[in-house]
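In this note's numbering, the protein residues as written are 22 to 183.
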């Protein structure tokens, strides 16, 4: 049975989400040639500590870091390594924040410098698909309405498997 969140839990979720968005925005702004996923992890840890949150991923099923960072074709949920970012890399950040018992989790994907046309199409198409999905949410909508809005954009960008 689903339990309805209390007012305090909702406030904690909002604050956790604000912290999460702040850290992801910082990573987006600071991603640059020559930095490494380990550099970005350290940056995220410092900022989250400053904000008063805790990393949700560290220790989860033995995961040793606070953030998952994947570059180009690396599998999602990769551990930060010391490979320097290069122009054209596509970096995926997946981060979670724990605050007053609530956890928020989100991810972003950013290009390093100028990315090639196929990667740019991926970045633009997925961002617009996300926005279309969010715009489709309203009272009484069903998941199919949201997924149809997302699929329509992905088809326009020739993204997906079919």
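For each residue, glycine too, the CB sits at the ideal point set by N, CA and C.
Pick from the options that is closest to residue i, judged by C-alpha positions
| i | options | result |
| --- | --- | --- |
| residue 135 | 73, 84 and 144 | 144 |
| residue 99 | 54, 174 and 112 | 112 |
| residue 29 | 123, 48 and 118 | 123 |
| residue 19 | 156, 73 and 55 | Residue 19 lies beyond the stretch modelled for the chain, which goes from 22 to 183, so this question has no answer here. |
| residue 119 | 39, 77 and 94 | 77 |
| residue 61 | 22, 32, 83 and 104 | 104 |
| residue 68 | 84, 39, 80 and 92 | 39 |
| residue 92 | 125, 130 and 126 | 130 |
| residue 121 | 32, 25 and 22 | 32 |
| residue 85 | 52, 59 and 71 | 59 |
| residue 140 | 179, 117 and 170 | 179 |
Secondary structure of residue i, DSSP reduced to three states
| i | result |
| --- | --- |
| residue 172 | helix |
| residue 91 | strand |
| residue 76 | strand |
| residue 107 | coil |
| residue 86 | coil |
| residue 177 | helix |
| residue 155 | helix |
| residue 56 | coil |
| residue 167 | helix |
| residue 22 | coil |
| residue 99 | coil |
First and last residue of the uninterrupted alpha helix (DSSP H) at residue i
| i | result |
| --- | --- |
| residue 38 | 28-51 |
Any non-hydrogen atom of the ligand MN within 8 Å of residue i CB
| i | result |
| --- | --- |
| residue 60 | For the ligand MN, the structure offers nothing, since it holds no ligand at all. |
Cutoff 9 Å: residue i Cβ touching any chain B Cβ
| i | result |
| --- | --- |
| residue 79 | The chain inventory of the structure shown lacks chain B, comprising one protein chain alone. |
Report task. Could I get the ranges of all uninterrupted beta strand (DSSP E) runs contained in the stretch 110-151, with 3 residues as the minimum, in chain order? Result -> 111-120 and 123-132
query: Is the number of C-beta pairs between the stretch 145-157 and the stretch 172-181 that are closer than 8 Å three or more?
result: yes
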